[in-house]
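In full-length UniProt numbering, the protein residues as written are 1 to 275. Where a beta carbon is used, it is the ideal one built from N, C-alpha and C, also for glycine.
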């Protein structure tokens, strides 16, 4: 047992003399968010931070060195002013009053998005003031195989990966998934799913949630993370294992049934004809 630490990581939280705050993994997608290299990157980063601007006092002042670059009469010139603005806004996204501690009793939403290069999710909860605050951020780069997926599959992957990442918070509660992919609302109600989607559907059944569509121009916060993903040190191992298994849907369901203790007992009774 180590002693004399100023702070420790405990169950995903950083505990210190200053109190409790979310741990590093919950904010990695923000702290490692890449520095903008062009106007498009600036727009995405401003889209991310603007979603939470109501919680950032003097947001316009902090963001001005970056937003100035978006004006027609300004040429691209990344100076110390832009660097300080970028670092300051990132730091504010991972501190209170923006970043909140998880509370199982609060209304919960999971916002997800995908791009060709990455996927992202933000877990948010609505406080007593009826405003959504982030609890944790998540993003990761797509593998070469995932980059070749159809955009719809990538959006589904973003949902399933985010569910897995935030599983400990989402199992056992009712929550809402918000996505800019309208087809996702009906995907898991279809019967003839392709094998990969069918496997994800099985995982999806663990959760008590509804899917809400929201236009892309309302999802700039999570869109920015999917287009500026970080190298995730905790990849979706469960997803990788499932995708390696070349099972049909019928084989997969049969395997689960054969391993279920209650179904085993029912089969034994039926096979013995003692009924």
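Extent of the continuous alpha helix (DSSP H) to which residue i belongs
{"i": "residue 41", "result": "39-50"}
{"i": "residue 178", "result": "Segment 174-179 is the beta strand (DSSP E) holding residue 178; no alpha helix (DSSP H) there."}
{"i": "residue 169", "result": "167-170"}
{"i": "residue 81", "result": "80-93"}
{"i": "residue 65", "result": "59-67"}
{"i": "residue 262", "result": "261-272"}
With 16 other Cβ atoms within 10 Å as the buried cut-off, status of residue i
{"i": "residue 223", "result": "buried"}
{"i": "residue 183", "result": "exposed"}
{"i": "residue 108", "result": "buried"}
{"i": "residue 266", "result": "exposed"}
{"i": "residue 74", "result": "exposed"}
{"i": "residue 211", "result": "buried"}
{"i": "residue 158", "result": "buried"}
{"i": "residue 134", "result": "buried"}
{"i": "residue 76", "result": "exposed"}
{"i": "residue 91", "result": "exposed"}
{"i": "residue 169", "result": "buried"}
{"i": "residue 194", "result": "exposed"}
{"i": "residue 93", "result": "buried"}
{"i": "residue 180", "result": "buried"}
{"i": "residue 151", "result": "exposed"}
Contact set for residue i: own chain, Cβ-Cβ below 7 angstroms, skip 5 residues either direction
{"i": "residue 172", "result": "none"}
{"i": "residue 162", "result": "110, 112, 121 and 138"}
First through last residue of the beta strand (DSSP E) which encompasses residue i
{"i": "residue 206", "result": "No beta strand (DSSP E) contains residue 206, which DSSP labels as neither H nor E."}
Contact set for residue i: own chain, Cβ-Cβ below 6 angstroms, skip 5 residues either direction
{"i": "residue 225", "result": "29, 120 and 139"}
{"i": "residue 228", "result": "33 and 34"}
{"i": "residue 123", "result": "110, 135, 136 and 166"}
8 angstroms CB neighbourhood of residue i in its chain, flanking five on each side removed
{"i": "residue 38", "result": "76"}
Problem - Segment contact flag, the region 49-65 with the region 74-90, C-beta cutoff 8 angstroms, min 3 pairs - result: yes
Exercise for the section: With a floor of 4 residues, list each alpha helix (DSSP H) that falls wholly inside the region 112-147, ordered by position along the chain. Expected result: 144-147
Handout entry: Three or more C-beta pairs below 8 angstroms linking the region 185-199 and the region 129-144
Key = no
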